[in-house]
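What follows is one structure encoded as structure tokens, with my remarks underneath.
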Amino acid sequence: MKKMKRLWSLVLSAAMVCTTLLGGTSALAQEGDASDEVTVKVVHTNDIHGRSGYQEGTAFGFEKLATLIQQEDPDLVLDAGDLFHGQAFATLEEGESIAELVKAVGYDAMTPGNHDWNYGKDRLKELGNVAGLPILAGNITQDGENFFGGDGTLIKTVDGVKIGVLSVFDPDIKDDTAPRNVEGLTFSDDAQTATQLAEKLRQEGCDIVIALSHQLYCEEFIAQTKGIDVMIAGHEHVVLDESYPDADGKPVKVVEAGCYFENVGILSITYDPSEDAVVSMEEEVISASQAGDVASDETVSALLGNIQERQAAQLTQVVGSTGRDLDGRWEELRVEETGLGRLVTAAYLEETGADIAFENAGGIRLGKMLPAGDITCQDIVDISPFGNYIVTKQITGEAVLSILEKSIDIGIRNQESYDQWKETGSDQVRWPDDNGSYLQFGGMKVTYDTSKPMGQRVLSVQVGEQPLELDRVYIVATNNYISLGKAFSELADVPELHQYAACDEALIRFVQQGQEKVDTAAANESLQDVTGIPEEPSESQTESQPSASSSTASSSTGSGIDSPNTGVESFAWVWGLLAVSLVGIALGAARSKKAEK
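For reference, each letter of the sequence shown is one residue, going 1 to 597 in UniProt numbering.
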């Protein structure tokens, strides 16, 4: 009996052990199923362009963003560039106001956008320190060292999952700031650098690799890279949530959250350690229209109020007035001459005494219609926020004609994009890369016909009250950015004559001279599109314009600036004169012989 009891005791004990072990295994299995996957959450912004608060109407704002971050408790908060520059709120203090708000909100890192360089490269470094965050750009060096320090990467571990963030800047947009702002910097190939950094992060044990980049064409960039799981982008000003194949054919998710703080992106990345792979990625975009349901963070609101108070006296100062609406909308500035463009170029002419003034559409940043009424200091800074200055250069009339032809061509291509945008309403419409180089003019009267081929569209030009002379040298005033940019070699290839005041200062001085002067300048049209209107040669075209022989390039274009008779018509005219002359000689000879008789 004792043996039997001992046997049953052993059996029961064994059963209990087995049950415990099986139960434990089952529990572990269940726990593994539930906890192996780790979700990493990233809050991201891009192209804020100096917007600050929800009270601006269309902006999400830092006050709401701070609360959203507290609610979402993200693992990373990242910005994809064009953060510190754009509106008067930012430019009055060279970005410091935005940097203070960035620090209060708590970003982990950012990459520079092309406009973040507008205060100069050293100032951008300072702003990173004020904002309390690393600026990452692995392909920007100075004297062989990364300009921002480190190697352009950031690593963070979340629940045992290692996340690597790499950052590169698109070298194709390094010229979208004044050359002096990036002088001495080297911009290496972005795709090659990104691939190298991704490999380095993998070697360091990173399970997820995030690329952060201010990038012109994301799809083309991803196609040249390897090792990236997801990319957070900026620069194109679109709401983007797409997947593009990399160089190995692996799909890479690319997200972007629009522009001007109209949205905030929330990216959720789920990683499964058992598969050693990212198993899902979800992007959510919270718009400014939804921000009303988010409370403002009291600390950030108080900081914003303090900044606004210290800026208020200067920003609200009325510097002049206008009796007409002045169009400063982004799209219109790129397809036609506007009253605001005329006002800016009139200020340049007044400041310098030049013959002609140019202002590129991208240099006017108001982004809206300026209604009739008072013009404040804030309006002026919003119109011209870059801190650019006016320069003069000397170029020939032939160069002026070439610039006109190029600008009109840019406008035609911009119009195609604008028409497509109006038809579809899609933010995915691509504009030409040089869309902002379309020019607003001052000091000229130009007629042109877009139905003609490139090089033959300009029909007539008057500078002041006189027809353009191709071999005459004219003084041109423009901003220092466009004077050195790649869009118009006719300007970039000649030296500066003089430097003048900052663009916004000249505009303030002009506006201060009174509403009548402002309204006259805004109404002084420079461009007349006569497409579809039958061309009638004017007296200035047939008599006053220089002959075709004064310019080989212009005579080949048939632009109407030179003599209207070119090619076969010119030769026919010559042969006609020759025939008439021969007949005259023959008649004269006959008369002479008759007289001798």
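Where is the CB? At the ideal position from N, CA and C, for every residue including glycine.
| Item | Value |
| --- | --- |
| Thinking C-alpha only, which one of 84, 175 and 111 is nearest residue 152? | 111 |
| So, does the region 311 to 331 touch the region 369 to 376, judging by three or more C-beta pairs under 8 Å? | yes |
| Going by the DSSP bridge assignment, what does residue 389 pair with across the sheet? | 502 |
| With C-beta atoms as the reference, is residue 163 less than 8 Å away from residue 210? | yes |
| Compute the distance between the beta-carbons of residue 468 and residue 397, then report whether it is under 8 Å. | yes |
| Tell me the residue span of the alpha helix (DSSP H) that contains residue 519. | 515 to 523 |
| Does the distance from the C-beta atom of residue 198 to that of residue 224 stay below 8 Å? | no |
| Let me know the secondary structure DSSP gives residue 373 once reduced to three states. | strand |
| Tell me, please, which residues DSSP counts as bridged to residue 327. | 369 |
| Return the CA-CA distance between residue 303 and residue 77, expressed in angstroms with no decimal places. | 20 Å |
| Which class does residue 268 belong to by DSSP, given the choice of helix, strand or coil? | strand |
| In the structure shown, what three-state DSSP assignment does residue 238 receive? | coil |
| Shortest alpha-carbon distance to residue 149 belongs to which of 369, 137, 404 and 156? | 137 |
| With the cut-off set at 8 Å, would you say residue 222 and residue 252 are in Cβ contact? | yes |
| Considering only the beta carbon of each residue, do residue 394 and residue 473 sit closer than 8 Å? | yes |
| For residue 159, which residues in the same chain have their Cβ closer than 7 Å to its Cβ, ignoring the five residues on either side in sequence? | 38 |
| Taking one C-beta from the region 326 to 333 and one from the region 527 to 535 each time, how about it: are there three or more such pairs within less than 8 Å? | no |
| Just mark residue 323 as buried or exposed, buried being the case when its beta carbon has 16 or more other beta carbons within 10 Å. | exposed |
| What are the boundary residues of the alpha helix (DSSP H) that residue 96 is part of? | 96 to 105 |
| Given residue 176, which residues of its chain have a CB within under 7 Å of its CB, disregarding the five upstream and five downstream residues? | 114 |
| Under the rule that 16 or more other beta-carbon atoms within 10 Å means buried, what is residue 129, buried or exposed? | exposed |
| Given this structure, state the Cα-to-Cα distance separating residue 496 from residue 391, to the nearest angstrom. | 7 Å |
| Looking only at its own chain, which residues have a Cβ that is under 8 Å from the Cβ of residue 408, when we skip the five neighbours before and after it? | 448, 450, 457 and 458 |
| Quick one: what does DSSP say residue 468 is sitting in, helix, strand or coil? | coil |
| Expressed to the nearest angstrom, what Euclidean distance is found between the alpha-carbon atoms of residue 281 and residue 273? | 15 Å |
| In the DSSP assignment, the alpha helix (DSSP H) including residue 411 goes from what residue to what residue? | 397 to 424 |
| To the nearest angstrom, how far is the alpha carbon of residue 188 from that of residue 165? | 18 Å |
| I'd like the list of long-range same chain contacts for residue 244, defined as Cβ closer than 8 Å, with 5 residues on each side in sequence excluded. | 218, 219, 222, 223, 251, 252 and 254 |
| Run the CB neighbour count on residue 453, radius 10 Å, all protein chains shown included, and call it buried at 16 or more, exposed below. | exposed |
| Tell me the rounded alpha-carbon separation between residue 202 and residue 51. | 36 Å |
| Distance, Cα to Cα, residue 441 vs residue 477? | 10 Å |
| Could you check if residue 379 is buried or exposed, using at least 16 other CB atoms within 10 Å of its CB as the buried criterion? | buried |
| For residue 448, list the residues DSSP reports as bridge partners. | 458 and 529 |
| If you draw a straight line from the alpha carbon of residue 278 to that of residue 109, how long is it in whole angstroms? | 22 Å |
| With distances taken from CA atoms, which of 337, 91, 59 and 100 is nearest residue 120? | 91 |
| Give me the Cβ distance between residue 101 and residue 300, rounded to the nearest whole Å; I'm assuming they're in contact under 8 Å. | 7 Å |
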